[in-house]
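Engineer:
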Ligand code: NA
Ligand code: NA
């Protein structure tokens, strides 16, 4: 029997673990135990970049990580996480599962990875301690933690916030003591990292869609029998579909939970004003990476 | 079974004299062979990604701050201030040593550096004043290990990373137990010194005290900057280390004018070397940790300790006895790096507060720095003071006993640590 | 030749000192900018982490060369001092294998990540692993020199070395 190591960075309460458990159970059942899957959640096998490096070199077999963590190799894939790229989830699914997404999966192969599908972390939203964020001016002068995406740094810079680099592991403390007053993450992260304890306001800005990528070491995949490959790809597709469904279902539940924890949730966002304000971010991206993928996404999501 | 293989290779090669970092790599290789996944990629990736950590950047910065303080004249002034305040009491130089230990602990993160500073500055004075050799040595050594408990602290930083615990909370939580360690030393010293005939210094007059205070005030600002800056969100613990370094550089060049460019270069090189030693160990431990995880050793350990999960205090006591035994032969950072990832899952399952666990663990491993046969602080104190180890150990015993008593109290009554910590965090 | 080697190690010390000073400057300036000027240096965190990795990997070679890695030599020296010179050969052999693995794994990762470009610094993430290539190669050379060098006998009552663990 072949044992596969599946790694992700989310805690066991997260849907990434739900997906992993489903994947494990189904793969093991349908292969009659010929394939075994061991799950390593919570970054046990390393940070996102370490997991991706591990899946490429084959010391990890399957890894799940934010698509933005692949943009060092595939800069054009940053198009998926551009601010306000996907107005709704349906268009995101359509693009990611269609030709455009297949194209990205195909270019992963030159880096030793087999793309198995795109689960999601949902939309990123802004939380802070100052007040609801209705218009771009509400972010002016806020010290804000931003991840390593250039587009998001550019975006919050444009909106007048003061983007700061702080590792996620230190973010709770930084928010608690006030080193920064704001951050942006998908809802699930706000809940599992308990940011609601140190943040008063959550605004559903939905400013960027956050796809995950489920990838497998290419050699390992090619080394499996045809039947086993089929099991892996089929189960992966089912797992992704299930995770997305749960993600939508769970989002309202999680928002309610955050409200129960005392967060004031604001849904009144002037999206048009935000989209107008961050236009230069798209232009920057197109200047650096060309407009092919952006146009393809816009075309496909029509 | 795999657990036994891992521990045998690790401990066996350490006892043969293989540097601990390479012993970790060797036991990682043993696990690779056992699981049939021998790969240079595992070693290189885990080692380099283990070193590539922003929180651990605080290590070189706090080391720079500490070394600048000793070559830039801040440490000497702290001793002078303590002498002016306490030198006239019976056994006064001992109290000076304790007071200085606590102050230095608030300035530096390194027990070895603090103990070395204490011995080299205070011990000659104590010898001249007729203080008994062994208890004085014991006091210096046990004063030195307050440094890792009171922030800033390199071991607390390593604990935060190894156990995924908030470093800021560990820092704030260390203040009260650190002060309690100082108080315990005061009590033991007053008993030990009662029957000894030692010279008492003339009381410093008001002018002298004021001069010492004015001169030392710059150094005293440093702990306030570090703790206040973290508590009030001016900077993260990592950035605090840089601010401390810049502050120490500024004071010793602009105020004391004792830091030259040549000295500063030496400080940077020496801090870089000490950092490398600690961090190569961290990287190697990450390689071992990666394989420990894949081999599912924590689950094996959890099975063994499983029955204790419903009795957190008993579990805590068991772990602390293991740590104490390991600490006799192993240094502080490898003990943290090897044992914390193994114990953390069970500790969490038992509902023990991770910050409390991290603090007691670090206090315990700090005690290991002065327990024979292998104790780095003990070695340094004996080396700098030129006293045989057996002699110093005799003088150390009463202090060691009171520390163990304190440790037992922390295990029996966790609220001693948790209540003041929550008050300070607010 | 000896002089060249001396100069080489000194040059490495200088590189480490410069990197250390640069890291202090980067992080400090970022704090000042955040509070004084409502801005920040976007690449400062990543750059200082990269500098840190290089300092550690270069420094580890120096630590190995000077025999300052934390080790417990007391047991073997007391229990079987006559065997210690041979045990030390074995120890250097283990160091050689470890350094060789570090080197080889890092070479593969450097190549794999040379076109993996960080968004915030514009630098290849392969630079992280390149530190392992250099460090692994230099450590292997140090180890080979000891393996083929003379037997190292136990010296009694060696003075406590300054460079021991600095917690
Ligand atoms: Na300290
Ligand atoms: Na010890």
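Residue numbers (our numbering), protein chains in the order written: chain A, 1 to 302; chain B, 303 to 728; chain C, 729 to 895. Positions of the beta carbon are idealized from the N, C-alpha and C atoms, including for glycine. Everything numeric in this text was worked out from a predicted model, so none of it was measured.
Looking at residue 656 of chain B and ligand 2, is the gap between the Cβ and the nearest heavy atom below 8 angstroms?
Structural biologist: Position 354 of the second chain, counting from 1, holds the residue named residue 656 of chain B. Residue 656 of chain B Cβ: outside cutoff for every heavy atom of ligand 2.
Engineer: What does the Cβ neighbour count give for residue 44 of chain A, buried or exposed, with the cut at 16 atoms within 10 Å?
Structural biologist: Taking the first chain and counting its residues from 1, one reaches residue 44 of chain A at position 44. The residue is buried, with at least 16 neighbouring Cβ atoms inside 10 Å.
Engineer: Take residue 383 of chain B and list the residues in its own chain whose beta-carbon comes closer than 7 angstroms to its own, dropping the five residues that flank it on each side.
Structural biologist: Sequence index remark: in the second chain, residue 383 of chain B carries index 81 (1-based). 514, 515 and 518, listed in sequence order.
Engineer: From residue 876 of chain C to residue 865 of chain C, what distance separates their C-alpha atoms?
Structural biologist: In the third chain, counting from the first residue as 1, residue 876 of chain C sits at position 148. In the third chain, counting from the first residue as 1, residue 865 of chain C sits at position 137. Rounded to the nearest angstrom, the two C-alpha atoms are 17 angstroms apart.
Engineer: Shortest alpha-carbon distance to residue 220 of chain A belongs to which of A/88, A/204 and A/63?
Structural biologist: Indexing the first chain from 1 puts residue 220 of chain A at position 220. With distances taken between Cα atoms, residue 220 of chain A lies closest to A/63.
Engineer: Under 7 angstroms, CB to CB, which of the residues in the stretch 732–760 of chain C have a partner in chain A?
Structural biologist: Against chain A - using a Cβ distance shorter than 7 angstroms - the stretch 732–760 of chain C contributes no residues.
Engineer: So if I threshold CB-CB distances at 8 angstroms, which residues from the stretch 838–855 of chain C count as touching chain A?
Structural biologist: So the list reads 840, 841, 843, 844, 845, 846, 847, 848 and 853, given in the order they occur along the chain.
Engineer: Of the choices C/844, C/871, C/779 and C/816, whose alpha-carbon is the least far from that of residue 50 of chain A?
Structural biologist: The residue labelled residue 50 of chain A in the question sits at position 50 within the first chain. Measuring from the Cα of residue 50 of chain A, the nearest candidate turns out to be C/844.
Engineer: Give me the Cα-Cα distance between residue 508 of chain B and residue 525 of chain B, rounded to the nearest whole angstrom.
Structural biologist: Counted from its first residue, the second chain places residue 508 of chain B at position 206. Counted from its first residue, the second chain places residue 525 of chain B at position 223. Cα-Cα distance, rounded: 25 angstroms.
Engineer: Does residue 773 of chain C have its Cβ less than 9 angstroms from a Cβ in chain D?
Structural biologist: Annotation note: the requested chain D is absent from the structure, which comprises protein chains A, B and C.
Engineer: Thinking just about the alpha-carbon of each residue, which of B/437, B/667, B/316 and B/346 is nearest to the one in residue 832 of chain C?
Structural biologist: Sequence index remark: in the third chain, residue 832 of chain C carries index 104 (1-based). Comparing Cα positions, the closest option is B/346.
Engineer: For residue 381 of chain B, which of B/411, B/426 and B/692 has the nearest alpha-carbon?
Structural biologist: Sequence index remark: in the second chain, residue 381 of chain B carries index 79 (1-based). When each option's Cα is compared against that of residue 381 of chain B, the closest is B/426.
Engineer: Hey, could you find the ends of the beta strand (DSSP E) residue 185 of chain A is sitting in?
Structural biologist: In the first chain, residue 185 of chain A corresponds to position 185, counting from 1. Run containing residue 185 of chain A: 182–186, per the beta strand (DSSP E) assignment.
Engineer: Report yes or no: do three or more beta-carbon pairs, one from the stretch 304–318 of chain B and one from the stretch 103–118 of chain A, lie closer than 8 angstroms?
Structural biologist: Segments in contact, no.
Engineer: If you draw a straight line from the alpha carbon of residue 670 of chain B to that of residue 632 of chain B, how long is it in whole angstroms?
Structural biologist: Counted from its first residue, the second chain places residue 670 of chain B at position 368. Counted from its first residue, the second chain places residue 632 of chain B at position 330. Residue 670 of chain B and residue 632 of chain B: Cα-Cα distance of roughly 8 angstroms.
Engineer: Which chain B residues are close to residue 53 of chain A, counting only those with a beta carbon under 7 angstroms from its beta carbon?
Structural biologist: The residue you call residue 53 of chain A lines up with position 53 of the first chain. Near residue 53 of chain A (Cβ distances below 7 angstroms), the residues of chain B are 347.
Engineer: Could you tell me which uninterrupted alpha helix (DSSP H) segments, each at least 4 residues in length, are contained entirely in the stretch 752–819 of chain C, listed from first to last along the chain?
Structural biologist: List check, alpha helix (DSSP H) in window: 772–793 and 802–807.
Engineer: For ligand 2, which residues have a Cβ under 6 angstroms from at least one heavy atom, in chain order?
Structural biologist: Spelled out in chain order, the answer is B/629, B/630, B/670, B/673, B/676 and B/677.
Engineer: I need the DSSP call for residue 885 of chain C, collapsed to helix, strand or coil.
Structural biologist: Against the third chain, residue 885 of chain C aligns to sequence position 157. With a pLDDT of only 49 at residue 885 of chain C, under the threshold of 50, the placement of this residue in the model should not be trusted, and no figure is reported.
Engineer: Using a Cβ-based criterion (distance less than 8 angstroms to any ligand heavy atom), does residue 411 of chain B qualify as near ligand 1?
Structural biologist: Your numbering for residue 411 of chain B matches position 109 in the second chain. Flag set: Cβ of residue 411 of chain B near ligand 1.
Engineer: Quick one: give me the first and last residue of the alpha helix (DSSP H) that residue 216 of chain A is part of.
Structural biologist: Against the first chain, residue 216 of chain A aligns to sequence position 216. From DSSP, residue 216 of chain A is part of no alpha helix (DSSP H) but of the beta strand (DSSP E) over 201–217.
Engineer: Kindly indicate the opening and closing residues of the alpha helix (DSSP H) around residue 857 of chain C.
Structural biologist: Against the third chain, residue 857 of chain C aligns to sequence position 129. Its alpha helix (DSSP H) spans residues 854–875.
Engineer: Should residue 660 of chain B and residue 614 of chain B be called a contact, given that it needs their Cβ atoms to be closer than 9 angstroms?
Structural biologist: Here residue 660 of chain B refers to the residue found at position 358 when the second chain is read from its first residue. Here residue 614 of chain B refers to the residue found at position 312 when the second chain is read from its first residue. Cβ atoms of residue 660 of chain B and residue 614 of chain B: not closer than 9 angstroms.
Engineer: Report whether the distance from the Cβ of residue 752 of chain B to the nearest heavy atom of ligand 1 is below 8 angstroms.
Structural biologist: Residue 752 of chain B lies beyond the residue range present for chain B, which begins at 303 and ends at 728; the question has no answer from this structure.
Engineer: Which residues in chain B sit within 7 angstroms of residue 40 of chain A, going by Cβ to Cβ distance?
Structural biologist: Taking the first chain and counting its residues from 1, the one referred to as residue 40 of chain A is at position 40. Here the neighbours are 595.
Engineer: Measure the C-alpha to C-alpha separation of residue 840 of chain C and residue 108 of chain A and round it to an integer number of angstroms.
Structural biologist: Working through the third chain from its first residue, we reach residue 840 of chain C at position 112. Working through the first chain from its first residue, we reach residue 108 of chain A at position 108. Taking the straight line from one Cα to the other gives about 13 angstroms.
Engineer: Considering only the alpha carbon of each residue, which of B/400, B/446 and B/396 lies closest to residue 428 of chain B?
Structural biologist: Taking the second chain and counting its residues from 1, the one referred to as residue 428 of chain B is at position 126. For the residues B/400, B/446 and B/396, the minimum Cα distance to residue 428 of chain B belongs to B/396.
Engineer: What does a CB cutoff of less than 8 angstroms around residue 264 of chain A pick up in its chain, not counting 5 residues either side in sequence?
Structural biologist: The sequence position of residue 264 of chain A within the first chain is 264, counting from 1. 132, 200, 201 and 202, listed in sequence order.
Engineer: Within 9 angstroms of any Cβ in chain B, is that where the Cβ of residue 880 of chain C sits?
Structural biologist: Taking the third chain and counting its residues from 1, one reaches residue 880 of chain C at position 152. Not closer than 9 angstroms to any Cβ of chain B, the Cβ of residue 880 of chain C fails to qualify, so no.
Engineer: For residue 632 of chain B, which three-state DSSP category applies?
Structural biologist: Here residue 632 of chain B refers to the residue found at position 330 when the second chain is read from its first residue. DSSP places residue 632 of chain B in coil when its eight states are reduced to three.
Engineer: Going by alpha carbons, who is nearest to residue 327 of chain B out of C/825, C/870 and C/863?
Structural biologist: Against the second chain, residue 327 of chain B aligns to sequence position 25. Here the closest residue by C-alpha is C/825.
Engineer: Which same chain residues end up closer than 7 angstroms to residue 874 of chain C when comparing Cβ atoms and leaving out the 5 residues on each side of it in sequence?
Structural biologist: Within the third chain, the letter at position 146 stands for residue 874 of chain C. Correct list, in chain order: 820.
Engineer: By DSSP, does residue 284 of chain A sit in helix, in strand, or in coil?
Structural biologist: Within the first chain, the letter at position 284 stands for residue 284 of chain A. Reduced to three states, the DSSP call for residue 284 of chain A is helix.
Engineer: So, residue 800 of chain C versus residue 672 of chain B, is the Cβ gap smaller than 9 angstroms?
Structural biologist: On the third chain, position 72 is the one that residue 800 of chain C refers to. On the second chain, position 370 is the one that residue 672 of chain B refers to. Result no, Cβ atoms of residue 800 of chain C and residue 672 of chain B do not sit closer than 9 angstroms.
Engineer: Are the beta-carbon atoms of residue 581 of chain B and residue 307 of chain B separated by less than 9 angstroms?
Structural biologist: To locate residue 581 of chain B, count along the second chain from 1; it is residue 279. To locate residue 307 of chain B, count along the second chain from 1; it is residue 5. Not a contact, by the Cβ cut-off of 9 angstroms.
Engineer: Please report the straight-line C-alpha distance between residue 859 of chain C and residue 786 of chain C, rounded to a whole angstrom.
Structural biologist: In the third chain, counting from the first residue as 1, residue 859 of chain C sits at position 131. In the third chain, counting from the first residue as 1, residue 786 of chain C sits at position 58. Those two C-alpha atoms are separated by around 7 angstroms.
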